[in-house]
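*Asks:* Pasting a structure below so you can have a look.
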Amino acid sequence: MNPQADKSVITTSVALVSALVLLATALFMVASLLGTFDSASPEDDSRRQAAVLERIKPIARVSFEEPQPVAETAGIKIADLSGKAVYDQSCAACHTTGAANSPVIGVREQWESRFAQGLDVLVDHAINGIRAMPARGGNPALTDANIRDSVIYMLEETGFEVATAEETAPAEEAEAEEVEEAEAEAEAEETEESEAE
Ligand code: HEC
18 MNPQADKSVI TTSVALVSAL VLLATALFMV ASLLGTFDSA SPEDDSRRQA AVLERIKPIA
78 RVSFEEPQPV AETAGIKIAD LSGKAVYDQS CAACHTTGAA NSPVIGVREQ WESRFAQGLD
138 VLVDHAINGI RAMPARGGNP ALTDANIRDS VIYMLEETGF EVATAEETAP AEEAEAEEVE
198 EAEAEAEAEE TEESEAE
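Heads up: the sequence shown begins at 18 in the numbering used here, then just goes up one per residue.
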């Protein structure tokens, strides 16, 4: 063989081998780079961050926003809201927490002397406001009946029996009450009669 040809074969193979080695190294580097990116994916970090934020978040926030008539947007008429719904929406902010020294729902001692004023006075104070108690709980969209229902709800939740006979109740309830009353009267008369005999 001619040494010239020999040399060129060697040079070619060395070049080929080094090219392969270079390619392999390059592939390896790319692969390991991708690997590192993967293991430190930003998602991982943001989850950890969220966990930290969750742990150090404030216990509560004070909001001075006016309670919004939420229900109106949901297609429900405010006038149709139950006492509980009105309470949850417009009164709970203060009366569940005792904010601004408001009497807390369910704490009887805080309501006893207020309850003694009578339902009508309480409703009047809730409608027109009294001291730190804002008129209509700060939601002027509420009707008098809404306020009355929510006051009754608060009192009942607190354990008072509220006489709601004069309430503008739905016709059925009113009728039921009338029947009950009539029955009670009839009974009373009967006992009177039997006593008289
Ligand atoms: C911004 C806080 C706040 C909101 C909202 C609020 N209240 Fe009050 N409420 C008070 C405070 C404070 C008092 C105590 C006022 C006082 O006697 O000095 C009070 C007292 C009352 C009383 C007793 C009044 C009396 O004569 O003793 C009633 C009844 C009442 N609230 C009903 C409601 C109803 C119903 C709503 C929702 C429609 C409501 N409150 C929303 C703060 C609030």
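All C-beta atoms in this analysis are idealised placements derived from N, C-alpha and C, irrespective of residue type, glycine included.
Owing to the predicted nature of the structure, the values given are computational and were not obtained by experimental measurement.
For a test of the three-state rule: what should DSSP assign to residue 95, helix, strand or coil?
*Replies:* For the purposes of this step, residue 95 is taken as the residue at position 78 of the sequence shown. Three-state result, residue 95: helix.
*Asks:* Is it the case that the region 59-77 contacts the region 136-147, given that we only count it when at least three CB pairs across the two stretches are under 8 Å?
*Replies:* Output reads no: the region 59-77 does not touch the region 136-147.
*Asks:* Look at the alpha carbon of residue 37 and the alpha carbon of residue 62, and state the distance between them as a whole number of angstroms.
*Replies:* Taking the sequence shown and counting its residues from 1, the one referred to as residue 37 is at position 20. Taking the sequence shown and counting its residues from 1, the one referred to as residue 62 is at position 45. So the alpha carbons of these two residues sit roughly 38 Å apart.
*Asks:* Keeping to the same chain, check which residues put their C-beta closer than 8 Å to that of residue 164; ignore five residues upstream and five downstream.
*Replies:* Position 147 of the sequence shown holds residue 164. For residue 164, where only same-chain residues beyond five positions count, the Cβ hits under 8 Å are 103, 140, 143, 144, 153 and 154.
*Asks:* Quick check on the DSSP output: the alpha helix (DSSP H) that includes residue 170 runs from which residue to which?
*Replies:* Against the sequence shown, residue 170 aligns to sequence position 153. Here the alpha helix (DSSP H) through residue 170 covers 161-174.
*Asks:* Go through its chain and collect everything with a Cβ distance to residue 25's Cβ below 6 Å, but skip five positions before and after it.
*Replies:* For the purposes of this step, residue 25 is identified with residue 8 of the sequence shown, where counting begins at 1. Cβ neighbours of residue 25 beyond the five flanking positions: none.
*Asks:* At what residues does the alpha helix (DSSP H) containing residue 144 begin and finish?
*Replies:* Position 127 of the sequence shown, counted from the first residue, corresponds to residue 144. Start and end: 136-145.
*Asks:* Alpha helix (DSSP H) containing residue 131: first to last residue?
*Replies:* Your numbering for residue 131 matches position 114 in the sequence shown. Here the alpha helix (DSSP H) through residue 131 covers 126-132.
*Asks:* How big is the Cα-Cα spacing for residue 169 and residue 136?
*Replies:* Working through the sequence shown from its first residue, we reach residue 169 at position 152. Working through the sequence shown from its first residue, we reach residue 136 at position 119. The straight-line gap from Cα to Cα measures roughly 8 Å.
*Asks:* Let me make sure I understand the geometry here. Which of 127, 67, 40 and 158 has the alpha-carbon closest to that of residue 106?
*Replies:* On the sequence shown, position 89 is the one that residue 106 refers to. Checking every option, the nearest Cα to that of residue 106 belongs to 158.
*Asks:* Run the CB neighbour count on residue 29, radius 10 Å, all protein chains shown included, and call it buried at 16 or more, exposed below.
*Replies:* Start at 1 with the first residue of the sequence shown, and residue 29 comes out as number 12. Exposed, by the Cβ-count rule.
*Asks:* Residues in the same chain with beta-carbon distance under 6 Å from residue 112, minus the five sequence neighbours each way, listed in chain order, please.
*Replies:* One-based indexing of the sequence shown puts residue 112 at position 95. 119 and 122, listed in sequence order.
*Asks:* Is it right to say residue 42 is buried, meaning 16 or more other beta carbons lie within 10 angstroms of its own, or is it exposed?
*Replies:* Working through the sequence shown from its first residue, we reach residue 42 at position 25. That one is exposed.
*Asks:* Report the rounded CA-to-CA distance for residue 173 versus residue 64, giving the unit in angstroms.
*Replies:* Counting from 1 along the sequence shown, the entry for residue 173 is found at position 156. Counting from 1 along the sequence shown, the entry for residue 64 is found at position 47. C-alpha separation (whole angstroms): 45 Å.
*Asks:* Rounded to a whole number of angstroms, what is the C-alpha to C-alpha distance between residue 45 and residue 33?
*Replies:* Here residue 45 is taken as the residue at index 28 of the sequence shown, counted from 1. Here residue 33 is taken as the residue at index 16 of the sequence shown, counted from 1. Using only the alpha carbons, I get a separation of about 18 Å.
*Asks:* Quick check on the burial criterion: 16 or more other C-beta atoms within 10 angstroms. Buried or exposed for residue 99?
*Replies:* In the sequence shown, the residue the question calls residue 99 occupies position 82. The residue is exposed, with fewer than 16 neighbouring Cβ atoms inside 10 Å.
*Asks:* Just tell me which of 49, 201, 114 and 97 has its CA closest to the CA of residue 79.
*Replies:* As a working mapping, residue 79 is identified with position 62 in the sequence shown. The shortest Cα separation from residue 79 among 49, 201, 114 and 97 belongs to 114.
*Asks:* Would residue 117 and residue 149 qualify as a contact pair, given that the criterion is a beta-carbon distance under 8 Å?
*Replies:* Numbered from its first residue, the sequence shown carries residue 117 at position 100. Numbered from its first residue, the sequence shown carries residue 149 at position 132. In contact: residue 117 and residue 149 (Cβ atoms closer than 8 Å).
*Asks:* With 16 as the cutoff for other CB atoms within 10 Å, does residue 19 come out buried or exposed?
*Replies:* Against the sequence shown, residue 19 aligns to sequence position 2. Exposed: under 16 other Cβ atoms inside 10 Å.
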